[in-house]
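Q: Questions regarding the structure given below will be posed in turn.
Chains as they are written, first to last, in our numbering: chain A, 1 to 406; chain B, 1001 to 1406.
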């Protein structure tokens, strides 16, 4: 017996039982109101762990270290994260510093280095200021209410934190899944993305945990785009500590199904929030492709559309320029029949059977003025669907990235 | 015996013997000084023909028609081109109109429709104004001095025409290769690109002609990027009419080598001019990747760098942000060893063995202020090289494309 999945009010990465977190401002980033730049996520119970990581050939040593420490035979207690410096492309010092960060955090928390993961995000090519780490990591206080402190500590150019938690019951036992993520430039993830941390108090088989995470990442973080660029530090971690004292979840039953849905909901929420908060963005663009030959076709085509600079600028300019949507779907290389395509903007049909139709221009321009613009492409050649999310491209993205050293 | 390849002063697409061309303003585009929107390229001698076309699944019927009429067993006399309307995504009327355009041009020139090719470029989703075609195509006068008229007639958002011709001698016989192309948005070609027309008076075996064109396109048009988007109308045509009365060129000898070099030079010039004239661009970005495992690796990595929005905005902002160059090379997925990479901006070294080095910031910022910025990445894992070309990304691109209906 399972219950529906419901949102946890003001849910955070510490909403699941047994998780605590905290953050501190050490001066790695420029100061600001309520800014943090080092955070710790902690579970007093050991956690099964799953992770997906950047596919970029240039990889931060933090990712390399985490990959060694994540797996079905590993147990994790903590994650230490800093923002403001990516610890990438700094030579051998990078791995030395990444390891020392986990040494400092684990000593502070009373666990081992091998039970501690590490992420860094910020400028590439600059060494981690370890003196600050040595001074400030031991000062970080973790608590059950510290989820939002941690969410602040992982931000770089983001304008706001991204946090969620949902809960559901399995045979009367309450379970929670919480998470947080950060964006907001260099976003076109491949197999993994940016930074996101998801926690659950469910008791989950580790192999099944990794399978569930990978499947959810494919339909969430891997379907968003801000600027087509892929970070060297992308990481999604899912920690399951079993503190809910519920049954073992290992796939194939009703309890697993509700757990998988909860993980997907959290992943999609955190991914969409990254797209919405894209650098310089004024609008979220949601692209749905229906009637494709396969789910992969639908995912590829929807992402091609969400990632197209010409679609992004058309949405910014409130221009119902469906020729660019056609171009973007077509360049993805999937199998289509042009004369069967229908297009909709916020449910208003503008293309039928591959040709533009008469529509009320004022209605469509007004739809394009919303904070959320939904583009829908019905290919009508099969029965599979897929979704992707992006943001509009504005002058502010250009101004920002021509002045900011990533 | 062959001579060196030399530029033809004020060379155009009609510099090769036996080619003539012309253009007219029919009112498809908004009027402007010296604007043209229909052009004809003509050869009184029948031409062997080679072509490469867009790989986008949404294809203009003009491309579909040209593909039927291009091949080793075909002979071509003329190309009719209009700008301002792409004749794409307009249903069955598109093919009817494309064919009628070739009927009108061939009747005017005294050749057959099957000997006539057609291209259209401009807004997608709008039908060709055939009444204008019927009135104006018969009025187009072609002449040996009309190359620049034709070059004007194919432009859309381009700021200037792109024209070149080079000549060389084979056993004392002068041969010429000329060409013209247009850009300047929706540019990230795949296997073919935009519109480009190349002419030669050499007598060339048709199978060898296609092989030569495909090889040159791979190293020129397929290595440029303005905005990552791929047009539905991309076309490169190479016409060889044999009017120089030289020997047959069919590969494998010294004469073929000089011919191949001339074709590559013309393709690279026309491709680079498209990148330089990218929408909103203020600078040309040339990326060279050396020391790769294979030529394909070097081509992929250089193009990934030239196409990265974060590299483009950094160059615009004169920011020597080599972390973004690393990210872009890494996301291409080629095999690298991070600790061996050296980076240079306009020959000033800024990265050695994967780490930033001290450099004179003023010199590098000043190098980034040039009209042409050369980024060089030495991977030092192999001996292959590749080049790609892009332009910077500016606020003007966003303003332009949020207001313009492609």
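Ideal placement from N, C-alpha and C gives every residue a C-beta, glycine not left out.
What do you reckon, are the CB atoms on residue 1270/B and residue 1164/B nearer than 8 angstroms?
A: yes
Q: What residues of chain A sit near residue 1095/B, judged by a beta carbon separation below 8 angstroms?
A: In chain order: nothing, as chain A lies at least about 11 angstroms away.
Q: Can you pull the chain A residues whose beta carbon is under 9 angstroms from the beta carbon of residue 1334/B, in chain order?
A: 57
Q: Are residue 22/A and residue 149/A close, meaning C-beta to C-beta below 8 angstroms?
A: In this structure, residue 149/A lies closer than 8 angstroms to residue 22/A by Cβ.
Q: Could you name the residues of the same chain whose beta carbon sits closer than 6 angstroms to that of residue 1272/B, not counting the 5 residues immediately before and after it, in chain order?
A: Cβ within range, chain order: 1389.
Q: Measure from the alpha carbon of residue 1276/B to the alpha carbon of each residue in 1292/B, 1001/B, 1221/B, 1251/B, then state which is nearest.
A: Considering only alpha carbons, the answer is 1221/B.
Q: For residue 99/A and residue 115/A, I'd like the C-alpha separation in whole angstroms.
A: 12 angstroms
Q: Residue 1204/B bridges to which residues according to DSSP?
A: 1249/B
Q: Please confirm whether residue 1349/B has its beta-carbon closer than 8 angstroms to some beta-carbon of chain A.
A: no
Q: What is the residue span of the beta strand (DSSP E) that residue 1338/B lies within?
A: Segment: none, residue 1338/B is in no beta strand (DSSP E) and carries neither H nor E.
Q: Which value, in whole angstroms, describes the spacing of the CA atoms of residue 346/A and residue 367/A?
A: 6 angstroms
Q: Quick one: give me the first and last residue of the beta strand (DSSP E) that residue 117/A is part of.
A: 116-123
Q: What residues match up with residue 1104/B in a beta bridge as DSSP calls it?
A: DSSP output for residue 1104/B lists no bridge partner at all.
Q: What are the boundary residues of the alpha helix (DSSP H) that residue 400/A is part of?
A: 395-403
Q: For residue 207/A, which of 341/A, 249/A, 110/A has the nearest alpha-carbon?
A: 249/A
Q: When you compare only the Cα positions, how much space is there between residue 160/A and residue 374/A?
A: If you take the alpha carbons of residue 160/A and residue 374/A, they lie about 23 angstroms apart.
Q: Checking contacts by CB at 8 angstroms: is residue 300/A closer than that to chain B?
A: no
Q: Starting from the beta carbon of residue 1157/B, find every residue of chain A whose beta carbon is closer than 8 angstroms, and list them in chain order.
A: Residue 1157/B does not reach chain A, its nearest Cβ partner there being about 12 angstroms away, counting only Cβ pairs nearer than 8 angstroms.
Q: Using only the alpha-carbon positions, how far apart do residue 1007/B and residue 371/A sit?
A: 54 angstroms
Q: In chain A, which residues lie with their C-beta within 8 angstroms of the C-beta of residue 1082/B?
A: Within chain A, no residue has its beta carbon less than 8 angstroms from that of residue 1082/B; the closest one is some 16 angstroms off.
Q: Does residue 1395/B come within less than 8 angstroms of chain A when only Cβ atoms are used?
A: yes
Q: Looking only at its own chain, which residues have a Cβ that is under 7 angstroms from the Cβ of residue 122/A, when we skip the five neighbours before and after it?
A: 83, 84, 85, 86, 156
Q: Is the beta carbon of residue 1387/B closer than 8 angstroms to that of residue 1226/B?
A: no
Q: How would you write the range of the alpha helix (DSSP H) that residue 318/A sits in, first residue to last?
A: Judged by DSSP secondary structure, residue 318/A falls outside any alpha helix (DSSP H); it is assigned neither H nor E.
Q: Enumerate, from N- to C-terminal direction, the unbroken beta strand (DSSP E) stretches of 3 or more residues contained entirely within the region 210-264 of chain A.
A: 235-240
Q: Kindly list the residues whose CB is nearer than 8 angstroms to the CB of residue 395/A, restricted to its own chain and excluding five residues on each side of it in sequence; keep chain order.
A: 280
Q: Does the Cβ-Cβ distance between residue 140/A and residue 40/A come in under 8 angstroms?
A: yes
Q: Does the beta carbon of residue 1412/B come closer than 8 angstroms to any beta carbon on chain A?
A: Absent from the model: residue 1412/B. The displayed extent of chain B is 1001 to 1406, so no value can be given.
Q: What alpha helix (DSSP H) runs, 4 residues minimum, are completely inside the region 1047-1082 of chain B?
A: If we require 4 residues or more, the alpha helix (DSSP H) runs fully inside the region 1047-1082 of chain B come out as 1061-1069.
Q: Compute the distance between the beta-carbons of residue 1240/B and residue 1204/B, then report whether it is under 8 angstroms.
A: yes
Q: Compare the beta carbon distance of residue 244/A and residue 173/A with 8 angstroms and say whether it is the shorter of the two.
A: yes
Q: Return yes when the Cβ of residue 341/A is within less than 8 angstroms of the Cβ of residue 364/A, no when it is not.
A: no
Q: Could you tell me the boundaries of the alpha helix (DSSP H) in which residue 1152/B lies?
A: 1147-1153
Q: How far does the alpha helix (DSSP H) with residue 997/B in it extend, from its first residue to its last?
A: Residue 997/B cannot be examined here, being either before or after the span of chain B that is shown, 1001 to 1406.
Q: Rounded to the nearest angstrom, what separates residue 135/A and residue 103/A at their Cα positions?
A: 13 angstroms
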